[in-house]
Structure formats: C-alpha cells, structure tokens
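Trainee: What follows is a single structure, and I will ask about it in a moment.
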Amino acid sequence: MIYNAHFEMATVVMLFILIIIYFWKKNLPIQSNRLYLNVLILLVVGTCFSALQCYYEYGNDKMSLSASYIISSLAFIIGIAFIGMYNSYVLSLFHYKNKISVYSVVSYGVILCGIILVLTNSFTNLYFYMDDSGKIHSGSARNIMNILYMFIIFLTLCIAWIKGKKKDTKLLKLILHVDILIALSELITNVCHLNTGFIMVVANLCAFLVYFSLRSPDYYIDIRTGRFNLNGFIEVLREKYDYNESVSCFLIRVKNYHAICRIYDEDSLQEVQKQIAEILKVKSGERNIYHIGAATFAIFVENTREVKKLYEKIVRVMPHQWNIKREALSHEYSYYYVTYPDDSSDIEDIIQRIHYARSDHEGHHKPNELIHLRKEALVDAVRFKEVAHRIEEAILDNSLELNFQPIYSFAENRITSLEVLSRLKDSKHKYINPEYFIHVAEVNHTIIQLSRQMFEKTCQFAVNNRIFERGITDMNINISPIQCQDKHLVDELKRIAAKYRIPLKRFHFEITESRLTDADAVFETLTKLRKCGAKIALDDFGTGYSNIASIMLMPIDFVKIDKSLLWSYASGDNEFLNELMPMIRSEGKKIIAEGIETEEHIEILRRMGGDFLQGYYYSKPLNEKDFIRFIDAHNKNKSENNKN
Ligand code: C2E
Ligand code: MG
Ligand code: MG
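Just so we're aligned, residue 32 is where the sequence shown starts under the working numbering, counting upward by one.
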C-alpha cells in the first residue's frame, strides 16, 4: 500500500515538472496549448486522488471507509473528466471545432452518463462497490461504460484521422499510439483489478510522450527578441481560421531597415528590435507581439475598429530616431492591417498579403500611414512574380528579343550607331515595359544571365547582318550597375565578343548611375572595360542621381542626356541645358541626346553642340529585319543625296 502511494506521488512530481515546463516556456496562445495544460492539471489531481485511494483503501474504521468511498468516487469522476478533456485536446491538435454534432452529443452523453452513475452509485452500486475490508470492486455498469469510453476515444481518433489526414500524419500516429496505451491500461486495470492509479501512471507517461513528440515551443519563438516568430503567427492565424473566428492582423514595419542593416551590427539592431517590441507590448495593453520579419512586428486584435485605435496609440509614440552607438538614426514606419474574413475568406490569400507587407516592396504610400492590405495591394507583387518568372523562362529558353534604335552623328551627318534594347513578352504575349522587367531582373539578380544572352544575341545580329559593313561603327549596350558586382563580367564580355570576332572597341556600354549600388564595383568594371577598348556612356543624365561632379569622377566617354531634360527645356520649363552642356563638353565628354522627336529638338542640340542624336524622329526601336531595312534605305538615301 505504502509503495503504491509513493509510486503515485512520484508520478505527481513528474507531472509537476511538465506543468513547470509549460509555464517556464512561452506557449502560443492556441486552444491545444490551453487544453494540454488542463489535461496536465486533471492528471495531477487524478493521481493525487489515486494516491489517497491507496491510503484509505484498506481503512477499517468507519471514518476511513466513507473517506475511501468519497475519494474513489471523486477519482472516478476525475478519470471520466480526463477522458473528455483528452478527447477535446486531440481534436484541438487538428483544429476541429467541437460544435454541436452527433459526435459531441455521443461523447458528452457518455461522459455525463458516467458521472451520473458515479454520483448515484451509493444508491445503485452499479459503477463500483466496496467490500467489508474497504476494497473497491467494479460494478456491472462500469464495464459497459469502459467500452463506451473506448468507443468515444475511437470516435475522436476517427475524426482526427479525417481532419488530419492531409495535415500531419506524424501527429496522427502519435495519437494512435497514445490511444492504444490508454485503452490497454484500462483493460489491464480491469482484468487485474488494479486501482485507477495505474491508468493515471500510463496517462502521465503519455503526457511526456506527447510533450516530447510535439514541436518544441522554441519553434515558435524568435530568439532575438523573445517574442513569437512568423511560425507562431501563422499557427495562431490558421487556428483562428479553422475555428472560424474573425480577427484583424495589425502590422508595423520599419521602412528603411535593410539599409540600416548594412551599416550597423547585429547587437545594436537586436536592441532596437527589442525596444520596438516593448513599446508595442505596452501600448497594445500587454497583447502578444509577433516578430514576423527582421523589420516587421504583428499583433492580433479583434476587429478593424480596434486596429484603428491601436494605430492611433502607437503612431504617436514610435520613436523616429534611434541612437545606435551614439549616432542618431532617423527612420520611418509603415503600418498595415488585414481582417479575416472581411478582406478575404481565403486564409492563403490573407497570408500572402501579410508576406507582402513584411517583405521589401515599393510602397506608393506616405510614411506612418495606415495601409489596408486590400486585394489591389498585391497586384504589384503578383505582377512582379509573373515578370520574374518570365525572365527565368527567357533565360532558359533563350527567348529574349532585341530591338535596335538608330543613333545619328552630327559630325558624319548619318546614322553611325545603334542602341540595343531588350524586349520581353508576358504570358499574354504582350510586351512588358522594359524599364520594369529590367528592374525586376536587377532585384532578383537575373540581370546577369539575361544580359549575357542579350550580348550574345547582339553579336550574332552584328555578324549575321554584317552590320559594320552597313555603316554602323559601334553599338550601344545597356549594362546595369548590378552586373558590375559580377567579377567575371568583363571576361565574359570579352569571351563572347571574341567568339564572334568583334573587337570590344565596337561596343559602347551605357550605365545609369544609381544611389543604391556599389560605386566602387561600378568604377572598377568601367575602368576595366575601357582598358579593353570599349567606351562608356553615362545614361539618363539629368534624371536624378548623376550630376556634374559624378561626370568628373567616373571613367566615361559619353554623357547621354535624358529625354525628359530635353523635352522640359524645349517646352520652356527649365533652362538647365544651357549650363550643363558647356560643362560636359569642357570635361571632354561627347554628348548624346535621346528623345529627339522633332526638328526643334535637333535644332536645340545643334545650337548647343551635341554630338549624337537618338529618337523617334529618326526611328523608334526596330526589330532585326526592320532595322536592316531602315539602315539600307538610309544609306541609299545618303549616297543619292551625296551624288546630287
Ligand atoms: P534607355 O537606355 O535610356 O533607353 C532609351 C529609352 O528611350 C528606350 O526605351 C527608347 O525606346 C526610348 N526612346 C528613345 N527615343 C525616344 C523618343 O524619341 N521618344 C520616346 N518617347 N522614347 C524614346 P525602352 O526601350 O522602353 O527602354 C527603357 C529602358 O530600359 C532603357 O532606357 C534601359 O534603361 C532599359 N533597358 C532596355 N533594354 C535593356 C537591357 O538590355 N539592359 C539593361 N540593363 N537595360 C535595358
Ligand atoms: Mg540606354
Ligand atoms: Mg536613357
């Protein structure tokens, strides 16, 4: 007797360890975790009663006989409640909502029946009876009830099987094993006339088995901030969806975080992330904060009205300056929200919108604005993905198309050059805006392979059409600053040009200066290209980043005035060209003007001393065949004019 009680007390200690672990670890606020705790508590209480049962079982005075009877009754009730709680826990693992159904009527019916039988046992002796020595024996109804308990455990398993078949077969196997263990322990208890403590011990072992087989709570934690991570966020969201609970997700994102990351070390940024999480926690009234991306935090709130309230509170207090290592750093935030099911009844759609908000994207919104993640918000992201996919396809099936736009030389009074411009069609066979697909290729770094294809095709075009015999002296090729980060770029260009026996001096590489790229890598690549005989043009001059100072610093031969600058000058909106052109010329650079559409444009350039002209006045970019037709007609015209 004494041994048995000690054995059960040891079980209680083990269960306490699980309860301590439960509270020590941070658990996701989901149904299954709450029910797991309830299961543990019931097990502890049940095992304590079982120990008491041992103590009183052989009591021989009147007092201990009635105490033994009461304790046994309570132990039975807790055992029955445990079965109910365990079933709910299993279903919660598969997000099955226990709504009124045949299953719940049957299972609650059986449990209620069992409890009523125990409560009325003193009159009926149907569930159990006590012999004169105080030993407890099973009554006739208990065996039937045991079969019914097994039946509802089996029913629960079937539902879990149907719900979880697609989701988690590992979890299903685990539950199956636990159920078999519980059923066996029940059988052994009855056959060997053991007290309920035996089932409690087995259930305790099962609790450990489940704990160590399920995902550790650490899987849902971001170790940097100690908050729940994206896994945790998605898990909670999916549960809410499966339980059909409406919910709003409120997100806050630091706008220039990735730029900041390049400058500061991990520890400083970790500190900043912690501070943000702390402010959010306090302002949201101690809600759970989810750190779902380096720069993004999320909070669940009940509805859109609550989102707006929370936003008002937070936007006022979020600091716009961090002091990292005694340096003040300014930054902005973006705020987003999306509500299920109001914004979409499809959870994958909601998750996609959240991914969009937490990833780098070009926002057309003001800093600190609260952005509703509507379907349209994703249109950009969907288009981006589609174009990225088309680029990858073009790389694989060599399907990039090229257009050629003639360039006129003032000095020679004829077309002497051309610019190669890439063209790509989308899945609906419509041409994608080149500026856009080049941007996508730059972001994804597929520009390197795409440009290699473009350069090879340009060489083929030149050789196949004997372009240099048709009066073209050089070809302008656009290169992206991203390509300059590729250490093999120059060797690769040399190799391809050599394959077609075209000297590199036939190529003029056009580059657009950008604030975001590695200026040293660009400088190095351009210098190398020049050493190989190629010439360099600074493209899109006048659109933003490049200025006179950069012209002096960069290894360039030509400056290509952007069409917008020419057009605004022509329409009298500004007079920058008056100052710029002489400055560029004084630096010894030749000037190309693009966007020449009218004779007036030509006149402006002639007056200001431009060298080359490119624009629709001469021709739009043409495909291979049309360009050859164009250049042949142009040459014929010129020779006829010369004869006259
Ligand atoms: P860009 O290098 O500045 O090319 C000149 C753009 O101006 C071309 O646009 C051309 O069609 C357009 N253009 C030229 N003259 C006129 C004119 O008189 N009127 C008007 N309205 N437009 C004119 P496109 O072909 O749409 O290319 C846009 C940009 O895409 C290019 O600007 C270039 O930055 C980029 N791009 C195109 N192909 C490539 C490529 O193979 N590699 C790289 N890195 N960028 C490329
Ligand atoms: Mg260009
Ligand atoms: Mg340009």
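Each residue gets a CB set at the ideal place from its N, CA and C atoms; glycine is no exception. Bear in mind that the values here come from a model prediction, so they are computed numbers and not experimental data.
Check each candidate in Ile72, Gln491 and Ala550 and name the one with the smallest Cα separation from Ala528.
Mentor: The residue with the shortest Cα to Cα distance from Ala528 is Gln491.
Trainee: Taking 7 Å as the cut-off, does the CB of Leu597 come closer than this to any heavy atom belonging to ligand 1?
Mentor: No, ligand 1 has no heavy atom inside 7 Å of this Cβ.
Trainee: With a threshold of 7 Å on Cβ separation, who are the neighbours of Ile109 within its own chain once the five nearest residues in sequence on each side are excluded?
Mentor: Cβ neighbours of Ile109 beyond the five flanking positions: Leu73, Val76, Gly77 and Phe80.
Trainee: Just mark Leu143 as buried or exposed, buried being the case when its beta carbon has 16 or more other beta carbons within 10 Å.
Mentor: By the neighbour-count rule (16 or more Cβ atoms within 10 Å), Leu143 is not buried but exposed.
Trainee: Quick one: what does DSSP say Ser599 is sitting in, helix, strand or coil?
Mentor: Note: Ser599 maps to helix in three-state DSSP.
Trainee: Tell me the rounded alpha-carbon separation between Phe661 and Met485.
Mentor: Going from the Cα of Phe661 to the Cα of Met485 covers about 21 Å.
Trainee: What I want to know is whether the C-beta of Glu317 ends up closer than 7 Å to one or more non-hydrogen atoms of ligand 2.
Mentor: No, since every heavy atom of ligand 2 falls outside the 7 Å radius drawn around the Cβ of Glu317.
Trainee: Name the DSSP bridge partner or partners of Lys566?
Mentor: Note: Lys566 sits in a beta bridge opposite His539.
Trainee: With distances taken Cα to Cα, identify the nearest neighbour of Asn609 among Glu628, Gly641 and Leu584.
Mentor: Of Glu628, Gly641 and Leu584, the residue nearest in Cα terms is Gly641.
Trainee: Any heavy atom of ligand 1 closer than 7 Å to the CB of Thr504?
Mentor: No, ligand 1 has no heavy atom inside 7 Å of this Cβ.
Trainee: Quick check on the DSSP output: the alpha helix (DSSP H) that includes Arg21 runs from which residue to which?
Mentor: Summary: the structure shown does not reach residue 21, with the chain confined to residues 32 through 675, and so no result is reported for it.
Trainee: Where does Arg284 land, buried or exposed, given buried means 16+ other C-beta within 10 angstroms?
Mentor: So Arg284 counts as buried.
Trainee: Rounded to the nearest angstrom, how far is the Cβ of Leu557 from that of Gly573, given a contact under 8 Å?
Mentor: The Cβ separation is near 20 Å, so there is no contact.
Trainee: When every heavy atom of ligand 1 is checked, does at least one fall within less than 7 Å of the C-beta of Gly626?
Mentor: Correct: Gly626 has its Cβ closer than 7 Å to ligand 1.
Trainee: Is Lys456 helix, strand or coil by DSSP?
Mentor: DSSP places Lys456 in strand when its eight states are reduced to three.
Trainee: Reducing DSSP to helix, strand and coil, say where Ser247 ends up.
Mentor: In the structure shown, Ser247 sits in coil (DSSP, three-state: anything other than H, G, I, E or B).
Trainee: How would you label Val133, buried or exposed, when you count the other beta carbons within 10 angstroms and need 16 or more for buried?
Mentor: Classification for Val133: exposed.
Trainee: Kindly indicate the opening and closing residues of the beta strand (DSSP E) around Lys441.
Mentor: In the sequence under discussion, the amino acid at residue 441 is Phe, which differs from the Lys named in the question. Per DSSP, Phe441 belongs to no beta strand (DSSP E) and is neither H nor E.
Trainee: Less than 7 Å separating the Cβ of Asp593 from some heavy atom of ligand 3?
Mentor: Checking every heavy atom of ligand 3 against the Cβ of Asp593, one is found closer than 7 Å.
Trainee: Which class does Thr200 belong to by DSSP, given the choice of helix, strand or coil?
Mentor: In the structure shown, Thr200 sits in a helix (DSSP, three-state: H, G or I).
Trainee: What did DSSP end up calling Arg357 once you bin it into helix, strand or coil?
Mentor: DSSP places Arg357 in coil when its eight states are reduced to three.
Trainee: Is it buried or exposed, Trp55, if we count other Cβ atoms within 10 angstroms and call 16 or more buried?
Mentor: Its Cβ having fewer than 16 others within 10 Å, Trp55 is exposed.
Trainee: Comparing C-alpha positions only, which one of Tyr242, Asn444 and Leu311 sits nearest to Thr643?
Mentor: Looking at the sequence provided, one finds Phe at residue 643 rather than Thr. Selected option, being the one with the closest Cα: Asn444.
Trainee: Alpha carbon to alpha carbon, what distance is there between Leu653 and Gln628?
Mentor: In the sequence on display, residue 628 carries Glu and not Gln. Those two C-alpha atoms are separated by around 16 Å.
Trainee: For Tyr34 and Ala41, I'd like the C-alpha separation in whole angstroms.
Mentor: Reliability fails at Tyr34, whose pLDDT of 45 lies under 50, so the model's placement of it is uncertain and the value that follows must be treated cautiously. If you take the alpha carbons of Tyr34 and Ala41, they lie about 11 Å apart.
Trainee: Among all the DSSP beta bridges, which residues are the ones paired with Arg284?
Mentor: Arg284 pairs with Thr327 and Ser365.
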